[in-house]
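Chemist:
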Amino acid sequence: MIRPVIPLVTAALLFGLGAYGVLRRRNAVLVLMSVELMLNAVNLILVTGDTMRERVTGQVFALFVIVIAAAEVGVGLALVLRLFRLRQDINTDQVALDDEPRAATPAGEPALAGASDGEQA
Numbered sequence: 865m866i867r868p869v870i871p872l873v874t875a876a877l878l879f880g881l882g883a884y885g886v887l888r889r890r891n892a893v894l895v896l897m898s899v900e901l902m903l904n905a906v907n908l909i910l911v912t913g914d915t916m917r918e919r920v921t922g923q924v925f926a927l928f929v930i931v932i933a934a935a936e937v938g939v940g941l942a943l944v945l946r947l948f949r950l951r952q953d954i955n956t957d958q959v960a961l962d963d964e965p966r967a968a969t970p971a972g973e974p975a976l977a978g979a980s981d982g983e984q985a
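First residue of the sequence shown: 865, per the numbering used here; consecutive thereafter.
#1: Buried or exposed for Met916, going by 16 or more other Cβ atoms inside 10 Å?
#2: Just curious, the alpha helix (DSSP H) that Pro868 is in, first and last residue?
#3: Measuring alpha carbon to alpha carbon, tell me which of Ile909, Asn891, Ile930, Gly922 ends up nearest Leu943.
#4: Hey, would you say Leu901 sits closer than 9 Å to Leu927, going by beta carbons?
#5: Quick one: give me the first and last residue of the alpha helix (DSSP H) that Asp914 is part of.
#6: By how many angstroms is the C-alpha of Arg919 removed from the C-alpha of Val886?
#7: Distance, Cα to Cα, Leu961 vs Leu947?
#8: Rounded to the nearest angstrom, what separates Asn904 and Gly940 at their Cα positions?
Now the structure itself:
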C-alpha cells in the first residue's frame, strides 16, 4: 500500500500550480485549464482520503467533482467562444465587468484596451 503523503503532496503541488495559473494567466482558455488542474487535485485528495479510511465516500464525491468539472468546461468554453466572437481576443484583462456604459474617451486613447491598430499581442 502506498503511503498517503505522496499523493497528498502531489495534490498540493497540482493545486498550487492551478492557483498560480488562475491568478497569473490572462488567456481565458489557460484560466479554464488551471481551474481543471485544481479540481483534479481535489479529486486526488478525495480518493487518497478514501483509501485511508476504507470507505467509498471519497470516490462518490470525486465522481461529483468530475461531473461538475465537465459542466464547467462546457459553460466556460461557451463563454470564451462568445467573448472571442465579440472582441476577437480572449484576454481576460480586457473584459469589462461592470454594466455601466463607458464614457467618451479623449481623442488620443482607444475606446477599448487593445483596440488600436498598432497594438497586436
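Where is the CB? At the ideal position from N, CA and C, for every residue including glycine. All figures in this text were calculated on a predicted structure; none of them were measured in a lab.
Modeler: Reading it off the structure:
#1: Residue mapping note: residue 916 aligns to position 52 of the sequence shown, counting from 1. Answer is exposed; the Cβ neighbour count stays below 16.
#2: Counted from its first residue, the sequence shown places residue 868 at position 4. Unbroken run through Pro868: none, as it is neither H nor E.
#3: Here residue 943 is taken as the residue at index 79 of the sequence shown, counted from 1. Nearest C-alpha to Leu943: Asn891.
#4: As a first step, residue 901 is located in the sequence shown; it is residue number 37 there, counting from the start. As a first step, residue 927 is located in the sequence shown; it is residue number 63 there, counting from the start. It is not a contact, given that the beta carbons lie outside the stated cut-off.
#5: Here residue 914 refers to the residue found at position 50 when the sequence shown is read from its first residue. Segment 892-917, the alpha helix (DSSP H) holding Asp914.
#6: Stepping through the sequence shown from its first residue, residue 886 is reached at position 22. Stepping through the sequence shown from its first residue, residue 919 is reached at position 55. When rounded, the distance between both Cα atoms is 33 Å.
#7: Indexing the sequence shown from 1 puts residue 961 at position 97. Indexing the sequence shown from 1 puts residue 947 at position 83. Roughly 13 Å between the two C-alpha positions.
#8: What you label residue 904 is simply residue 40 of the sequence shown in a count that begins at 1. What you label residue 940 is simply residue 76 of the sequence shown in a count that begins at 1. If I take the Cα positions, the gap works out to 17 Å.
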